[in-house]
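See structure below.
Numbering (the working numbering), first residue to last: 68 to 368.
In structure tokens, the structure reads:
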């Protein structure tokens with residue numbers, strides 16, 4: 068192992084920790100950035116059971132992110148566990164309660180979980196296609212922009228009110244139906260494609276069912292945790308059978324990713340109390356377009 072391997076792990080960990088929660092696609096960045104700086108070999112090799120170690124390492128860094136989310140939202144996850152126990156005992160679910168929110172989380176994770184298992188092998192091929200991922204990142208910006216534009220249209224009759232008061236006229240997470248939870252979960256499935264943001268697509272879907280920006284972001288962050296944990300359960304064990312990445316370096320990367328994710332979550336939770344998706348849409352457009360031009364004219368990947 069050399070210094071460059073440590074640098075690559077640190078860069079990937081920070082990319083993962085920050086971009087997983089920002090609606091700009093963590094998978095997209097972990098595919099595009101290494102190729103832009105000449106680290107395209109990360110996706111090659113056969114050190115992990117005849118396959119590249121890139122995906123297992125990225126998923127391990129995701130695991131660090133999910134642990135940070137569990138810590139940040141520990142009250143919500145404790146409530147989920149309590150809800151499961153109470154439902155088994157009482158066989159009742161009351162809509163409009165925190166227990167109902169727990170079931171919205173459980174139901175909302177099902178679509179992405181099923182599609183992730185069914186499409187796993189096909190989606191893995193995209194990790195070696197940075198041009199395609201850059202195009203999807205550009206499209207992700209369009210999804211964010213259109214989602215925010217539609218929300219603004221629905222706010223038109225409330226334009227005389229300040230942003231915080233306008234948000235109060237929209238729904239809280241507790242009012243969501245199970246059908247709507249599945250729809251938001253389906254939107255999360257789009258992020259199985261590198262370049263589309265999991266948090267971005269689910270926030271847009273949340274806004275589409277008239278959630279406040281704050282609750283749409285909260286629901287998005289909660290929905291992602293079980294999916295990340297499930298992916299880690301499948302991919303991380305592969306790393307135990309290779310020598311390319313020392314185990315201590317993977318643990319260090321997970322910790323670094325977790326710290327970055329925790330800070331990002333704290334920032335975005337506050338930001339979406341009154342913030343919008345537009346800045347992230349512009350970012351995705353710029354990065355996606357510039358990346359496509361570079362690959363087409365200079366890098367020839």
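Idealized CB from N, CA, C, for every residue including glycine. All figures in this text were calculated on a predicted structure; none of them were measured in a lab.
Would you check if there are 3 or more beta carbon pairs closer than 8 Å linking the region 343–359 to the region 207–219?
-> Below 8 Å, enough C-beta pairs join the region 343–359 and the region 207–219 to call them touching: three or more.
Output the boundary residues of the alpha helix (DSSP H) element that contains residue 221.
-> Residue 221 sits at position 154 when you count from the first residue of the chain shown. Start and end: 197–221.
Give the secondary structure of residue 344 by DSSP, where H, G and I count as helix, E and B as strand, and everything else as coil.
-> To locate residue 344, count along the chain shown from 1; it is residue 277. Under the three-state reduction of DSSP output, residue 344 falls in the coil class, being neither helix nor strand.
Beta-carbon gap between residue 255 and residue 269 smaller than 7 Å = Residue 255 sits at position 188 when you count from the first residue of the chain shown. Residue 269 sits at position 202 when you count from the first residue of the chain shown. A Cβ-Cβ contact shorter than 7 Å links residue 255 with residue 269.
Does the beta-carbon distance from residue 84 to residue 258 come in below 7 Å?
-> As a first step, residue 84 must be located in the chain shown, where it is residue number 17. As a first step, residue 258 must be located in the chain shown, where it is residue number 191. Judged by their CB atoms, residue 84 and residue 258 are not nearer to each other than the 7 Å cut-off.
If we count the other Cβ atoms within 10 Å of its Cβ and call it buried at 16 or more, is residue 134 buried or exposed?
-> Translated into the one-based positions of the chain shown, residue 134 becomes position 67. Classification of residue 134: buried, given that the 10 Å Cβ count is 16 or more.
First and last residue of the alpha helix (DSSP H) that includes residue 170?
-> Taking the chain shown and counting its residues from 1, the one referred to as residue 170 is at position 103. Here the alpha helix (DSSP H) through residue 170 covers 165–175.
Do residue 317 and residue 127 have their C-beta atoms within less than 7 Å of each other?
-> The residue labelled residue 317 in the question sits at position 250 within the chain shown. The residue labelled residue 127 in the question sits at position 60 within the chain shown. Residue 127 is positioned such that its CB atom lies closer than 7 Å to that of residue 317.
Measure the C-alpha to C-alpha separation of residue 219 and residue 140 and round it to an integer number of angstroms.
-> Translated into the one-based positions of the chain shown, residue 219 becomes position 152. Translated into the one-based positions of the chain shown, residue 140 becomes position 73. For residue 219 and residue 140, the distance between alpha carbons rounds to 29 Å.
Flag this pair as touching only if the region 167–176 and the region 283–301 have three or more C-beta atom pairs under 8 Å; answer yes or no.
-> Touching, yes.
May I ask which residues mark the beginning and end of the alpha helix (DSSP H) holding residue 239?
-> Against the chain shown, residue 239 aligns to sequence position 172. DSSP places residue 239 outside any alpha helix (DSSP H), giving it a letter other than H or E.
How is the alpha helix (DSSP H) around residue 144 delimited, first residue to last?
-> As a working note, residue 144 is residue 77 in the chain shown. It spans 141–157 - the alpha helix (DSSP H) in which residue 144 sits, taken as one unbroken run.
Rounded straight-line distance, which links the Cα of residue 186 to that of residue 199 = As a first step, residue 199 is located in the chain shown; it is residue number 132 there, counting from the start. As a first step, residue 186 is located in the chain shown; it is residue number 119 there, counting from the start. Taking the Cα positions, residue 199 is about 17 Å away from residue 186.
Beta-carbon separation of residue 276 and residue 247 under 7 Å?
-> Stepping through the chain shown from its first residue, residue 276 is reached at position 209. Stepping through the chain shown from its first residue, residue 247 is reached at position 180. Using a Cβ distance threshold of 7 Å, residue 276 and residue 247 count as a contacting pair.
What three-state label does DSSP hand residue 278 in the structure shown?
-> The count along the chain shown starts at 1 and reaches residue 278 at position 211. DSSP places residue 278 in strand when its eight states are reduced to three.
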